[in-house]
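Engineer: Dropping a structure here in structure tokens format, bear with me for questions.
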Amino acid sequence: MKEQALKRYLLNLPETELDYPFGPDAAVYKILGKMFALCRVDQGQICVNLKCDPVEARELRDVFEAVMPGYHMNKTHWNTVRLDGTLPPGEIQRQIDNSYNLVVKGLNKAQRQGLKLRHAAFFSS
């Protein structure tokens, strides 16, 4: 996945906001103020930090060379994924969706319900 396609995919998730709190080289994607993705370029390669269930995080690291413990993140709950072309088609999107949904689950009840009401078509699938 190329940088512009990644950005487009992330911004198409309901109510995603793009911010640069760590400077212009680290794009942070948030849902209702909570980060679910952080994108940066490392040695010419796009990397994205994504939230993940701890068990799945370890499994993904074992299966994919491009997946490693989250850079500057809680390594139990975050992975860094290098977009080097080695992940199977759709895998990066699956991991992004998973990260987004984990963060949505962590929102308070009113935020979750409001989000799901405003974007019923997205959350019904």
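If you read the sequence shown in my numbering, its first letter stands for residue 149, the second for the next number, and so on.
In this text, a Cβ means the ideal position worked out from N, Cα and C, and glycines have one as well.
It should be emphasised that the depicted structure is a prediction, and the values quoted were computed from it without experimental measurement.
(1) Quick check on DSSP: helix, strand or coil for phenylalanine 184?
(2) Could you spell out the range, first to last residue, of the alpha helix (DSSP H) harbouring asparagine 249?
(3) Would you report the Cα separation of alanine 185 and tyrosine 248, rounded to the nearest angstrom?
(4) Which residue from Ser272, Arg206 and Val251 puts its Cα closest to that of valine 229?
(5) Can you tell me which of the three DSSP states alanine 175 falls into?
(6) According to DSSP, is proline 236 part of a helix, a strand, or is it coil?
(7) Name the DSSP bridge partner or partners of arginine 230?
(8) Sort Val196, Lys253, Asp190 and Lys178 by Cα distance to alanine 153 and report the nearest one.
(9) Would you kindly report the start and end of the unbroken alpha helix (DSSP H) that includes proline 202?
(10) Pick out whichever of Phe170, Lys253, Gly171 and Ala175 has its Cα sitting closest to the Cα of leucine 159.
(11) Out of Val211, Thr164 and Asn227, which has the shortest C-alpha to C-alpha gap to leucine 263?
(12) Grouping DSSP H, G and I as helix and E and B as strand, with all else coil, what is leucine 166?
Structural biologist: Answer, in terms of the structure:
(1) strand
(2) 239 to 253
(3) 8 Å
(4) Arg206
(5) strand
(6) coil
(7) Cys195
(8) Val196
(9) 202 to 211
(10) Ala175
(11) Thr164
(12) strand
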